[in-house]
Each structure stands twice: as C-alpha cells, then as structure tokens.
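Quick note: the sequence shown uses UniProt numbering, first residue 1, plus one each step. Glycine is no exception: its CB is placed at the ideal position from the N, C-alpha and C atoms. None of the values given here were measured: they were computed from a predicted structure. A short worksheet on the structure shown next.
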Amino acid sequence: MSGGVIGRRGLIGGGVVGATGLLLGGCDRVVQAPATRRILFMGEEMQMGLQRALMDRDALAPEYRPEQRSPIFRANGTRDPATPLYEALRAGNFADWRLIVGGLVARPLALSLADLGAMPQRAQITRHDCVEGWSAVGKWQGPRLGDVLRAGGLRDAARFIVFTCADLYGGKPYYESIDLVDAFHPQTILAWALNDRFLPVQNGAPCRLRVERQLGYKHAKYLMRIDAVASLDGIGKGKGGYWEDNVDYDWYAGI
Ligand SMILES: Nc1nc2c(c(=O)[nH]1)N[C@H]1C(S)=C(S)[C@@H](COP(=O)(O)O)O[C@H]1N2
Ligand SMILES: [Mo]
Numbered sequence: 001m002s003g004g005v006i007g008r009r010g011l012i013g014g015g016v017v018g019a020t021g022l023l024l025g026g027c028d029r030v031v032q033a034p035a036t037r038r039i040l041f042m043g044e045e046m047q048m049g050l051q052r053a054l055m056d057r058d059a060l061a062p063e064y065r066p067e068q069r070s071p072i073f074r075a076n077g078t079r080d081p082a083t084p085l086y087e088a089l090r091a092g093n094f095a096d097w098r099l100i101v102g103g104l105v106a107r108p109l110a111l112s113l114a115d116l117g118a119m120p121q122r123a124q125i126t127r128h129d130c131v132e133g134w135s136a137v138g139k140w141q142g143p144r145l146g147d148v149l150r151a152g153g154l155r156d157a158a159r160f161i162v163f164t165c166a167d168l169y170g171g172k173p174y175y176e177s178i179d180l181v182d183a184f185h186p187q188t189i190l191a192w193a194l195n196d197r198f199l200p201v202q203n204g205a206p207c208r209l210r211v212e213r214q215l216g217y218k219h220a221k222y223l224m225r226i227d228a229v230a231s232l233d234g235i236g237k238g239k240g241g242y243w244e245d246n247v248d249y250d251w252y253a254g255i
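So, in structure tokens, the structure goes:
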C-alpha cells in the first residue's frame with residue numbers, strides 16, 4: 001500500500017501504479033516517457049499541482065468492456081455468513097432484508113432490495129484488486145451510495161460512513177468505513193447485481209459496497225447497516241475496519 005506519500009522522483013510510480021503493482025518493474029519505462037521527463041524537470045509548484053491531479057480522489061477507476069470480464073468472479077473472505085438471521089433472510093430471497101441507514105442522518109432509512117432497485121442505477125465493469133494478490137473484473141450495478149446518503153440527509157458532523165455486515169469472519173464481525181470523498185465518488189455504489197444477476201451469496205448477497213478506488217477489503221459484503229459517524233473512535237477498536245483493527249491493514253487503501 002504505497003500510494004499516498006510520493007517523493008519528487010516517485011511522482012508517477014506512486015501515483016499511478018499504487019498498491020497493485022500494475023506496472024511492476026515498470027518505473028524505468030515510465031521515466032523514459034517524454035512526458036515524464038518533463039515532469040521531473042518542472043518546478044516544484046507545478047509538480048505539486050500535477051501530483052494533486054494524479055492523486056485526484058474524484059478520478060474514476062478504469063472501466064472495462066463486457067468481454068473483459070472474468071469468467072468466474074472468485075470469492076474471498078466469508079463465502080456464506082451462515083448465521084441464523086442470514087439464513088432466514090436468504091430463505092426468503094431477501095424479501096425481508098432491509099438496509100438500515102442511520103447515525104448522523106436527518107431521516108433514518110430502511111431500504112429493501114426493491115427500494116435500491118427503484119433508485120437511479122449505475123452499472124460499471126471494474127477490476128477488483130485483493131491485497132492477497134488476485135484481481136477479477138466484473139460488472140456491478142446498484143444505486144450510488146451518495147444518492148442514498150442524500151436521501152437520508154447527512155448531518156454536518158458526519159465525516160465517515162461505517163458499513164456493518166451480516167457475517168463473522170474468523171469469529172469476528174466484519175465492518176468497514178470510508179470517508180465522504182469515497183462515499184460520494186461517482187463509482188461508489190451499493191451493488192445488488194453482479195454480471196446482470198442478483199449477487200451470489202459468495203459475493204455478498206443481497207448487497208455489497210463497491211468503492212472502486214480502494215482495495216478489495218474495503219468492499220464490504222452482506223451489508224446490514226450504514227451509519228454516518230463523526231469519528232471512528234467508537235467503532236471496533238477504532239481503526240475503522242475488520243482488517244485495520246485485527247491485522248493492521250491501512251485504513252486508507254486507495255488505488
Ligand atoms: N462482509 C465481508 N465483506 C468482505 C469480506 C468478508 O470476509 N466479509 N472480504 C473482503 C475481501 S478481503 C475481499 S478481497 C472482497 C472479496 O469479494 P468477493 O468475495 O466478491 O470476491 O470482499 C471484502 N469484503
Ligand atoms: Mo481481499
């Protein structure tokens with residue numbers, strides 16, 4: 001997870017390559033590029049502006065063509081929450097499932113799958129990158145998280161969005177959090193469909209977060225609650241997520 005602090009010479013490498021090693025060993029190649037040579041020799045001030053542009057958190061993650069999708073979108077972490085509550089919801093095809101939107105919102109919501117499907121939809125074919133070293137390309141569909149949060153009416157004090165999941169992983173509850181930049185990013189959606197079908201259980205049925213500028217572990221599956229909070233202090237051990245609290249992964253997993 002090298003993205004973030006970028007020195008003068010690491011400008012391109014850090015900004016574009018990010019955590020996934022997309023251009024593994026390609027830094028030399030990048031440095032040869034005429035445009036890059038210009039960057040290396042431009043003034044500090046211009047570099048900062050360019051760095052901001054390269055690191056623009058509103059920039060879109062790459063999107064792919066339908067034929068570039070992975071034949072099988074593999075699963076990782078929990079493949080079936082298998083709790084009594086989840087089993088009951090699943091047995092009813094998630095008709096009784098409600099996504100609770102709470103915390104620092106003016107209008108708490110309880111959204112059904114039909115509610116999510118009735119909102120304006122975004123579909124996107126993106127690449128999922130897991131820190132464990134695999135990627136998969138899939139088409140995800142659902143409403144923008146930003147639209148859901150606008151429907152709830154975020155209060156001024158809200159700084160983070162916390163996602164509570166239905167599963168325990170290794171016996172501990174799975175949860176994640178993102179800041180408002182990612183929450184309102186146009187590709188951040190509450191996905192209920194993968195490759196034009198309802199989400200398979202292994203990929204997070206009935207609904208999961210897709211936060212395309214972040215690594216895989218931020219994409220919380222089996223969503224039950226979304227809460228707007230002012231601080232992550234009271235959440236788990238305070239680092240904002242399952243992996244952050246239990247294994248010391250970075251909270252900011254931007255790619
Ligand atoms: N609720 C929940 N969400 C989760 C996980 C999990 O175990 N439980 N695993 C995470 C990790 S590490 C990855 S890489 C992706 C995997 O998503 P997939 O199973 O659809 O491939 O989900 C993330 N979200
Ligand atoms: Mo992962």
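Check: Residue from 94, 78, 98 and 168 with nearest C-alpha to residue 111; Outcome: 98
Check: Segment limits, beta strand (DSSP E) that includes residue 140; Outcome: 134-143
Check: Reduced DSSP category for residue 32 - H, G, I as helix; E, B as strand; rest coil; Outcome: Note that residue 32 has pLDDT 43, beneath the 50 cutoff, so the model's placement of it is unreliable and the number below is only indicative. In this structure, residue 32 counts as helix in the three-state DSSP scheme.
Check: Supposed contact pair residue 217 and residue 251 - C-beta distance, whole angstroms, cut 8 Å; Outcome: No, residue 251 and residue 217 are not in contact; Cβ-Cβ is about 10 Å, not under 8 Å.
Check: Contact between the stretch 86-96 and the stretch 198-215 (3+ Cβ pairs under 8 Å); Outcome: yes
Check: Residue range of the alpha helix (DSSP H) that includes residue 84; Outcome: 84-91
Check: Buried/exposed call for residue 129, threshold 16 Cβ in 10 Å; Outcome: buried
Check: Cβ-heavy atom distance, residue 251 to ligand 1, below 8 Å; Outcome: no
Check: Rounded C-alpha distance that separates residue 182 from residue 58; Outcome: 8 Å
Check: Close-in-space but distant-in-sequence residues of the same chain around residue 70 (CB under 6 Å, 5 per side omitted); Outcome: 136 and 137
Check: Within 9 Å, strictly: CB atoms of residue 226 and residue 184; Outcome: no
Check: Rounded straight-line distance, which links the Cα of residue 255 to that of residue 108; Outcome: 31 Å
Check: Reduced DSSP secondary structure (H/G/I, E/B, other) of residue 3; Outcome: The predicted position of residue 3 is uncertain, since its pLDDT is 35 and thus under 50; a value taken from the coordinates is nonetheless stated next. If DSSP states are grouped into helix, strand and coil, residue 3 belongs with coil.
Check: Beta-carbon gap between residue 167 and residue 82 smaller than 9 Å; Outcome: yes
Check: Exposed unless 16 or more other CB atoms sit within 10 angstroms - verdict on residue 9; Outcome: With a pLDDT of only 36 at residue 9, under 50, the local geometry of the prediction cannot be trusted, and the value read off the model is given with reservation. Exposed: under 16 other Cβ atoms inside 10 Å.
Check: C-alpha gap between residue 195 and residue 236, whole angstroms; Outcome: 33 Å
Check: C-alpha distance - residue 223 paired with residue 66, whole-angstrom precision; Outcome: 26 Å
Check: Beta-carbon contacts of residue 64 that lie in its chain and below 8 Å, excluding the five residues immediately before and after; Outcome: 125, 126, 127 and 137
Check: Exposed unless 16 or more other CB atoms sit within 10 angstroms - verdict on residue 247; Outcome: exposed
Check: Contacts around residue 75, its chain only, beta-carbon distance under 7 Å, and the 5 residues preceding and following it disregarded; Outcome: 202 and 203
Check: Through-space distance from residue 199 to residue 148, alpha-carbon basis; Outcome: 19 Å
Check: Spatial distance of residue 215 from residue 61 (CA atoms); Outcome: 12 Å
Check: Neighbourhood of residue 176 by C-beta, 6 Å cutoff - its chain only, sequence neighbours within 5 removed; Outcome: 163, 218, 220 and 241
Check: Cβ-heavy atom distance, residue 222 to ligand 1, below 8 Å; Outcome: yes
Check: Backbone CA spacing between residue 157 and residue 234 [nearest angstrom]; Outcome: 15 Å
Check: Among 86, 79 and 102, nearest to residue 153 - alpha-carbon criterion; Outcome: 102
Check: Supposed close pair residue 142, residue 116 - CB separation, criterion 8 Å; Outcome: 6 Å
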